[in-house]
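Numbering-wise (the working numbering), the sequence shown opens with residue 192 and increments by one.
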Amino acid sequence: MSEIEGTHFTVDQLAERADVSRRTVFNHFGSLDDIVLEVFGEILESILGDIESGFDTEVSTRPGAMFDEVAEALRSADLVTPITRLKRMLARGGSEPSPSQAALFESAINDVTARLAALILNRRPEADPLVIDLMCGALVSGGVVVVHHWERATGGVDTEDSRRTWTELVDRMISVNRDGYGSFGPGTP
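Below, the structure written as structure tokens:
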């Protein structure tokens, strides 16, 4: 997938590239979708690792600290690099992903949400699991919306200017989630 920057390959191509038989491929994976999910999972695992490394070692107990910690970790993580890689893999000659690819991406995003929630609950076992799930769902879903707006504004390329745009969009998404949807007036940048 990295070599062809896409998910458009056959089992025969994969088996040939890996120098194994088709049977060996299917001994490890039930379908091509399982292979794609595995690769997406590895990329998303790197995202979670980057987010986790942004957490302070000390856990604050002040009100709002949990959200602020997650927000700061999101801000400090390099999300542009893996997101542009994922989007390149999903692109089909510049068109939108197929329905099956979109479903795979959604499944991978749901997995990230659950894993981020588990990571936070591990850091804060006293926290309400519902609050953690709601917070992670809102931030990860907000991140997906940010990706769409970022792609429209920048063409989805990784440049210094596009990273500035990314930072601005992430900051807005975090502010809206922290302060509420009514906190920004019409035309607020």
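Here a beta-carbon is modelled for each residue, glycine too, at the ideal position from N, C-alpha and C.
Thinking just about the alpha-carbon of each residue, which of the options is nearest to the one in residue i?
| i | options | result |
| --- | --- | --- |
| Val261 | Ser212, Thr356, Arg343 and Gly328 | Gly328 |
| Ser251 | Arg315, Ser374, Gly240 and Glu243 | Arg315 |
| Ser237 | Arg276, Arg355 and Asp225 | Arg276 |
| Trp341 | Phe296, Leu270 and Ile242 | Leu270 |
| Gly346 | Lys278, Leu265, Ala264 and Ala268 | Lys278 |
| Arg354 | Thr272, Ser222, Arg253 and Val331 | Thr272 |
| Asp362 | Gln292, Glu263, Pro290 and Leu295 | Glu263 |
| Leu294 | Gly245, Phe231 and Asp247 | The sequence given here has Ala at residue 294, not Leu. Among Gly245, Phe231 and Asp247, the Cα nearest to that of Ala294 belongs to Phe231. |
| His339 | Leu360, Phe246 and Ile234 | Leu360 |
| Ile242 | Val331, Ser374, Thr356 and Thr350 | Val331 |
Would you kindly work out how many angstroms separate the C-alpha atoms of residue i and residue j, rounded to a whole number?
| i | j | result |
| --- | --- | --- |
| Phe217 | Ile226 | 10 Å |
| Ile311 | Asp203 | 41 Å |
| Arg208 | Val348 | 29 Å |
| Leu325 | Asp319 | 10 Å |
| Glu229 | Met364 | 28 Å |
| Gly334 | Ser366 | 12 Å |
| Glu297 | Ala309 | 18 Å |
| Arg343 | Arg266 | 20 Å |
| Val211 | Asp259 | 48 Å |
| Gly221 | Arg214 | 11 Å |
| Asp352 | Thr358 | 10 Å |
| Arg253 | Gln292 | 42 Å |
| Gly240 | Glu317 | 23 Å |
Around the C-beta of residue i, are 16 or more other C-beta atoms found within 10 angstroms, so that it is buried, or is it exposed?
| i | result |
| --- | --- |
| Val337 | buried |
| Ala268 | buried |
| Arg306 | buried |
| Leu281 | buried |
| Leu321 | exposed |
Can you determine whether any heavy atom of the ligand ZN sits closer than 7 Å to the C-beta of residue i, and answer yes or no?
| i | result |
| --- | --- |
| Pro254 | Absence of the ligand ZN is noted for the structure shown, with no ligands found whatsoever. |
Exercise. Any chance the region 366 to 374 sits against the region 296 to 313, with 3 or more Cβ pairs inside 8 Å?
Worked result: The region 366 to 374 vs the region 296 to 313: no contact.
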